[in-house]
């Protein structure tokens with residue numbers, strides 16, 4: 309399973325009705341992906357990660373957002389608001405306040421180029437919800453050996469053109485052996501940066517470059533945390549207690565709720581004890597956090613909602629709260 313599946317969980321959709329049922333037909337507008345088949349023919353497959361100019365074109369993001377006034381049905385101008393319109397097809401992406409400042413798609417790639425240096429290679433990029441949300445993912449050039457394992461850090465840039473969210477940039481470390489994300493919320497180094505679409509956006513982007521987004525610092529601090537987790541022994545009783553805290557039972561559960569909660573707990577337990585990549589790790593806090601990460605990244609949900617894949621992508625940027633909670637539990641022990 310490649311990095312693409314960390315952003316949008318791989319689903320075997322056999323026909324158009326399945327795509328509609330899972331909300332896929334309208335969510336993924338256009339994208340490219342390296343060596344992975346993106347969404348059953350939706351998108352372009354490339355064999356090597358392209359440069360920013362290639363990525364912008366292959367992802368279908370080579371368009372700009374223009375702002376125009378809002379008028380009522382009787383042609384009266386609505387003060388204080390503007391329309392964000394895609395210039396390639398005149399599609400309205402959203403209604404925003406006149407304080408809203410556009411961050412163009414090309415700015416996202418320029419940001420990443422400037423942050424990582426010339427020659428950065430992009431793994432995937434594309435748009436969701438008919439262009440309202442765009443993303444790119446770039447692999448950082450340096451690979452790390454942390455706690456004896458290969459960790460590849462990725463940079464994710466997410467932006468919306470409908471005013472629904474801020475610009476978000478995040479580091480997402482991925483264990484090479486199993487493609488589990490491990491972007492823990494550290495007290496010692498920030499993993500993400502966000503900025504609203506008001507004020508001087510270019511100054512904010514420069515601030516992210518200069519002060520907040522130091523991948524080296526985050527990865528170095530992650531190394532320290534992982535070594536501490538490896539040295540922290542965890543008993544079988546603690547594993548059981550942690551899982552029950554992470555997946556609590558309802559106060560007055562129905563028979564089905566009991567069954568579902570027990571199934572999820574068993575799934576997480578199995579990942580801790582039986583995952584092949586964790587057999588030589590030892591019974592410690594590092595193993596437990598990785599088992600929770602595997603569960604959060606790859607387990608099948610009890611009910612797949614229409615926006616499930618988009619929510620999973622958001623957790624790739626913001627960090628998964630379940631993994632963070634597991635990390636805090638073992639740290640507090």
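In the working numbering, the protein residues as written are 309 to 641.
Every residue gets a Cβ at the ideal spot worked out from N, C-alpha and C, and that includes glycine.
From a predicted model like this one, the values you see are computed outputs, not experimental measurements.
In the structure shown, residue 379 falls within a strand segment according to DSSP collapsed to helix, strand and coil.
In the pairwise beta carbon analysis, the segment 437-444 is classified as touching the segment 466-475: at least three pairs are separated by under 8 Å. Straight across, the Cα-Cα distance linking residue 417 with residue 626 is about 19 Å. Approximately 11 Å separates the beta-carbon atoms of residue 385 and residue 406; this is outside 8 Å, ruling out the contact. For residue 553, the closest of 600, 479, 531, 408 by C-alpha to C-alpha distance is 600. Separation of the CB atoms of residue 499 and residue 491 is rounded to 5 Å, and the pair is thereby assigned contact status at 8 Å. For residue 504, the three-state secondary structure derived from DSSP is coil.
DSSP, reduced to helix, strand and coil, places residue 567 within a helical segment of the structure shown. By DSSP's assignment, residue 339 forms a beta bridge with 434.
Residue 364 and residue 447 have their C-alpha atoms spaced approximately 16 Å apart. Linking residue 356 to residue 368 through their CA atoms gives a straight-line distance of about 17 Å. About 7 Å separates the CB atoms of residue 411 and residue 505; that is less than 8 Å, so the two are in contact. Excluding the 5 residues flanking it on each side, residue 532 has same chain C-beta neighbours closer than 8 Å at 496, in chain order. Rounded to whole angstroms, residue 480 and residue 607 show a C-alpha spacing of 19 Å.
Separation of residue 580 and residue 548 (C-alpha to C-alpha, rounded to the nearest whole angstrom) is 10 Å.
Annotation for residue 407: no beta strand (DSSP E) segment contains it, and DSSP assigns it neither H nor E.
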